[in-house]
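Following: one structure in structure tokens, then a few remarks.
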Amino acid sequence: MTQPPSDIKAHHQSRELELVYAGGHSHRLAYELLRVFSPSAEVRGHGPDERKLQTGKKYIGISEIELVGNYAVRIVFDDGHDTGIYTWEMLADLGERQDHYWQQYLSELKIANASRLPAIPVGQWSPGVPSPK
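Quick note on numbering: the sequence shown equals residues 32 to 164 in the numbering used here.
Shown next as structure tokens:
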């Protein structure tokens, strides 16, 4: 069993979660990486080939972090996603292999012709029609 971090710090400006471990080593995980690899069934699906690609999460924020027993945290994101339970093992794996996970995510986005950027609702526009004020 992976030891829990001795400290967890949310760096909202850089959008990174820092996990500090005994012995002084630490991992900084982008909020976006945590969100797109959420362990929830909503993201992972119910089988190995059912993972749902998460798009538009570049600027995702974290609203809350709650301890779950002695083995995990539940992270509440500002898009309302709150069903992922991140075990210490999963967080350690994300930290140790984050380059691999980033490349996987970016590759999946490219294949899907999708973006990390959130969609911007622009409404309906017609030429020659003044926009509402």
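Don't be surprised by glycine CBs; every beta carbon is placed ideally from N, CA and C.
DSSP-derived helix/strand/coil call for residue 88: Walking along the sequence shown from the start, residue 88 turns up at place 57. Three-state result, residue 88: coil.
Proximity of residue 110 and residue 91 at Cβ, strictly below 8 Å: Taking the sequence shown and counting its residues from 1, one reaches residue 110 at position 79. Taking the sequence shown and counting its residues from 1, one reaches residue 91 at position 60. Using a Cβ distance threshold of 8 Å, residue 110 and residue 91 count as a contacting pair.
4-residue-minimum alpha helix (DSSP H) runs that sit fully inside the region 46–83, ordered along the chain: For the region 46–83, the continuous alpha helix (DSSP H) assignments of 4+ residues that do not extend past its boundaries occur at 62–67, 72–75, in sequence order.
Beta-carbon proximity check, residue 145 vs residue 84, cutoff 8 Å: To locate residue 145, count along the sequence shown from 1; it is residue 114. To locate residue 84, count along the sequence shown from 1; it is residue 53. Yes.
Residue 98, DSSP secondary structure in three states: Taking the first residue of the sequence shown as position 1, residue 98 is located at position 67. Three-state DSSP puts residue 98 in a strand.
Environment of residue 142 [buried if 16+ CB atoms lie within 10 Å]: The sequence position of residue 142 within the sequence shown is 111, counting from 1. Label assigned to residue 142: exposed.
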